[in-house]
Amino acid sequence: MDRLEAAYGKLLEAFALAACALVFGMTLMICADVLLRNVRIIPGVAGLEWSNEISEGALYLVTMLTAPWLLRRGQHIRVDIILRAVPNKVGWSFEWVVDVLGLASCLLIAYYGARAALASFNAGSMSIKTLVTPEWWLLSVLPVAFLALSIEMLFRMRRLALGERAPRDDAVSTG
Amino acid sequence: MSWDAAAWLMLGGSTALLFLGLPVAFSFLVINLLGAWLFLGGEAGLVQFARNSVGSVASFSLTPIPLFILMGEVLFHTGLAVKVIDGVEHLIRQVPGRLAVVAVVAGTVFSAISGSTIATTAMLGSLMLPVMLARGYHPTMATGPLMAIGAVDMLIPPSALTVLLGSLSGISISKLLIGGIVPGLILSLAFVVYIVVRVKMNPSLAPAASFTEYRGWEKFRPFFQYVVPLVSIFVIVVASMSAGWATPTESAAIGALFTILLAAAYRALTLQNLVLALRGTASISGMILFIILGATTFSQILSFSGASNGVVESISRLGLAPMGLIAAMMLMLIFLGLFVEQVSMMLITLPIFMPLVHKLGVDTVWFGVMFLICMQLGLLLPPHGLLLMTMKGVSPPQVTMGHIFRAVVPYLFMSLLVLALVFFVPAVAVWLPKALF
Amino acid sequence: TLRLVSAFPENAFYVKRTLDWIADVNKDGKGVLQINFIGGPKAIPTFEVGKAVQTGVVDIGFSTGAYYTNVMPEADILKLSETSAADQRKNGGFDLINKIWAEKGNMRYLAKVVEFTPFHIYLNKKIDKPDLTGLKIRITPVYREFFQSMNAQVMTTAPGEVYTALERGVIDGYGWPIHALFDLNWQEKTKYRVDPGFYNAEVALIINLDKYKSLTPAQRDYLERKAQAYEAQNDFWKSYNQQEAKRQAEAGIQVITFDAATNKAFVEKAKDVGWANAIKASPQYGPQLQKVLAK
Ligand code: NA
Ligand code: NA
């Protein structure tokens, strides 16, 4: 089980690395767009008109790719004022309550997200903006990410069960 | 369901989960599922909620967030921050509390490059605090200025939280970013004046020590070599936004790329620290964006249920004068700042505050800048102010939590005074955006 | 009670008219039928209103077709109408639309309440022929192909950012109807309008089909009667648009126009590009719609 958990952690690391690449790529792409629009270095190319739209998509992908990774690292911020105020044992049982709620919500969102993507796929819905793309491309990422979150929630609960009978030391701020 | 029952369920439910210790984003998601089922109508409502979730973060107005964060992360991971302190240190003459003054000035420079208050505070704390304590600075005189200037980082662009405020409230992001500059600079100036006066009155707080006084070019070299080029990035970001070359997103991307190129020019950039900076960026942006996903859909469902309108109507019926109502909102923000962090502050209050602000017809940029100052206060408010924790985290054991709480008090008062100043003299906040746009 | 959501923000002029209509429906409909206005994009995002009507999350949507092309590509074809809503009720167009809307969108097209409203190109740089080479133009899907066919560099921007983008010169112009500029204050940052206009703005009330069928005959009749009465007021837009053109002139917006032949070619090209694209998007219904919508 430990090995499985570690392997899953590796996968989440890979997701995060992909998110890093997206952030870097987005930076370069937006700069290229500004440059091409204001200085015509390539004849006939006056900016990358799809740049806005790709950035939006990248932002969404970064969110989805990092969410399970952040959960593994305890970096989804929370308010721990009460967890710290109550006895450790009580705080620990609160952790169970919130984990169960978290798991249930992730599973439900994965399920309904999958239904949304499937319905869109079956209807052949297109997103018509600067680019014309099938709507399910973006929609289908949501259930995958929330499934990944659900799995990590299970590992998280396992760590809670094996660990000290006290609340966790999760992040409490974004900065 | 009546609007007040809906309001209790949505606002009360999410707050209860928040305090139970469920991460912020999940607190919203759990309540959203319930709200979507109840108000949007069963399974179709849940599918619609899933669709809305995707749209909530795939939004162009949010793209500056990772880019601004990247700027600060590159600055810190490549070690350029040390050079900035060095450059400032060479310049400043013997004044009472000299090192604290150096910290405030260097912190102001950081603010103009970094979009993250925590990073700024942690960096200043780990670089300056040991030196100050070693020179016999009282722990309150050593930690106070660092936390205070760390909080100001949020007011001075680039600032990820300002972008988020603009995006969630619909207030012009560029104007908000620029509106924060003057109050931010007033605060750092006030800090410097306070430090000098306070140490003059009580020199034992910060014993004067000898330092190498550089002469001629050597005095200015590190300043021109490191500080000026880095500050010029700030100028590029602000200028490209106000001169019409670029939208906030585009100027953020330009700023990020310039920071990376500058680090490369100083031969400070390695593949390793670039990846570290990107990881830091992905992690902070991911946290913020995932909360936004939950919060945007939360505010949609709240609005759909009729609760938003209901609450707004009933507050407007109280018949408070506009200024009274604005003041009440600020008080509520400061109160919230005692318990919850900045992103949640925005998410909890904006769905109710913004319709009221529009109804009152007051200047939204003015309101937004005051909102920023309240959030900045929240960073410093004991017992949970996040910069207090950050400072404790980088302090040696001889600095107690008590020192830190006491250290921050004078700076809290100065921030409150600036808040009052902006409240009574809106020009402090809105003059610069008006002049530039 | 039927729940109505608007794809336009609450303060838009279109929505004010619709709120008046809802008030009227509710006043005369006591004991028969009531409509509850849920809100605008704050409650359901603009591009989700169509989906929400399709699945029954809301009962009635107030939207333009371009906002719900994700339900069916045919929605955007209605901008190509040259025949009026009244004509379409007679020539079979209305029935065809309702056949498509029912089949693909699970909705009934109740009434078209904005028409006789051309779109225009608004610019900050002068042009002397219908050629947008080198100009950065903000678009919605309505204008995409037509503007591209004139070599424009097209951009999509959030509506809230257009004002700033114009001010900063991030964009050189945009496509928009003849009216509703003043809702957004864009006239302050706009120098020229290109005449002639092209296409025909369409905004309609759409209702979820299951909900519609579940109404009693009396309710259905009442709703249809009120919706058709709203549609019957569409001549309002003709005079309103004249006023708006005058207001634009007073606000200092100059008209760019070309010689008669060029103008004619311009409108023809808009139409040709529009239909070519419509038929590509909907090979099944595009040609049928062309028969009833085009003149
Ligand atoms: Na925006
Ligand atoms: Na900053």
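Chains as they are written, first to last, in the numbering used here: chain R, 1 to 175; chain S, 1001 to 1437; chain H, 2001 to 2295.
Positions of the beta carbon are idealized from the N, C-alpha and C atoms, including for glycine.
Treat the numbers as computed from the prediction; the structure is a model and nothing was measured.
Each of H:D2221, H:V2058, H:P2130 was checked against the Cα of G1042 (chain S), and the nearest Cα belongs to H:V2058.
At a cut-off of 8 Å, the C-beta of A2066 (chain H) has no neighbouring C-beta in chain S. With a 10 Å radius around the Cβ and a threshold of 16 neighbouring Cβ atoms, M1201 (chain S) comes out exposed. The C-beta of E2048 (chain H) comes closer than 8 Å to at least one C-beta of chain S.
For the stretch 2025 to 2051 of chain H, residues whose beta-carbon sits nearer than 8 Å to a beta-carbon of chain S comprise I2038, G2039, K2042, A2043, I2044, P2045, F2047, E2048, K2051.
One residue list follows from the rule of a beta carbon closer than 7 Å to any heavy atom of ligand 2, given in chain order as S:S1111, S:A1112, S:S1114, S:G1115, S:D1153, S:M1154, S:I1156, S:P1157, S:P1158, S:S1159. A Cβ-Cβ separation of about 5 Å places L1419 (chain S) in contact with I1373 (chain S) under the 8 Å criterion. For S1299 (chain S), the nearest beta carbon of chain R is not closer than 8 Å to its own beta carbon. M1128 (chain S) sits close to L1146 (chain S), with the two beta carbons spaced by under 8 Å.
Distance from the CA of T1247 (chain S) to the CA of P1064 (chain S), rounded to the nearest whole angstrom, comes to 9 Å.
Here V1235 (chain S) is exposed: its Cβ has fewer than 16 other Cβ atoms, across all protein chains shown, within 10 Å.
Listed along chain S, no residue sits closer than 7 Å to G2173 (chain H) by beta-carbon distance, the nearest being about 14 Å off.
Going by beta carbons, N1032 (chain S) and F1049 (chain S) fall inside the 8 Å limit. Proximity of chain R to N2070 (chain H) at the Cβ level (cut-off 8 Å) is accounted for by S120, S125, M126, S127, I128, E135, in chain order.
Taking all protein chains shown into account, W69 (chain R) has 16 or more neighbouring C-beta atoms within 10 Å of its C-beta and is therefore buried. Distance from the CA atom of S1204 (chain S) to the CA atom of L1133 (chain S), rounded to whole angstroms, is 12 Å. Under the three-state reduction of DSSP output, I77 (chain R) falls in the coil class, being neither helix nor strand. Straight-line spacing of the CA atoms in F2008 (chain H) and V2015 (chain H) works out to 7 Å. Across the structure, Q2243 (chain H) and L1436 (chain S) are spaced so that their CA atoms are roughly 34 Å apart. Of the candidates S:L1070, S:W1037, S:L1080, S:L1070 places its Cα closest to the Cα of L1276 (chain S). Under DSSP, the beta-bridge partners assigned to Q2153 (chain H) are H:K2136. Using a Cβ-Cβ cut-off of 8 Å, A2102 (chain H) does not count as an interface residue toward chain S, since no Cβ of chain S sits closer than that to its own. Look at F1028 (chain S): its C-beta is not under 8 Å from any C-beta on chain H. Residue S:V1109 holds the alpha-carbon nearest to the alpha-carbon of S1232 (chain S) among S:Q1342, S:V1340, S:V1109.
Under the DSSP assignment, L2002 (chain H) falls in the beta strand (DSSP E) whose first and last residues are 2002 to 2006.
In this structure the stretch 1279 to 1287 of chain S does not lie against the stretch 1095 to 1111 of chain S, because fewer than three pairs of beta carbons, one per stretch, are closer than 8 Å.
Here M1001 (chain S) is exposed. Its C-beta has fewer than 16 other C-beta atoms within 10 Å.
K2090 (chain H) counts as exposed, since fewer than 16 other beta carbons sit within 10 angstroms of its beta carbon. When DSSP states are grouped into helix, strand and coil, V1340 (chain S) belongs to the coil group. When beta bridges are read from the DSSP output, R2108 (chain H) appears opposite H:I2207.
Apart from the 5 residues on each side of it in sequence, N2026 (chain H) sits with its Cβ closer than 7 Å to the Cβ of Q2034, I2035 in its chain, given in chain order. Look at G57 (chain R): its C-beta is under 8 Å from a C-beta on chain S. Around T1249 (chain S), the same chain offers T1063, P1064 as residues with beta carbons nearer than 6 Å, after the five sequence neighbours per side are excluded. Note: S2063 (chain H) is bridge-paired with H:A2204 in the DSSP secondary-structure output.
Contacts with chain R at 8 Å (Cβ-Cβ) do not include V2162 (chain H). In this structure, the CA atom of L28 (chain R) is about 29 Å from the CA atom of K2125 (chain H).
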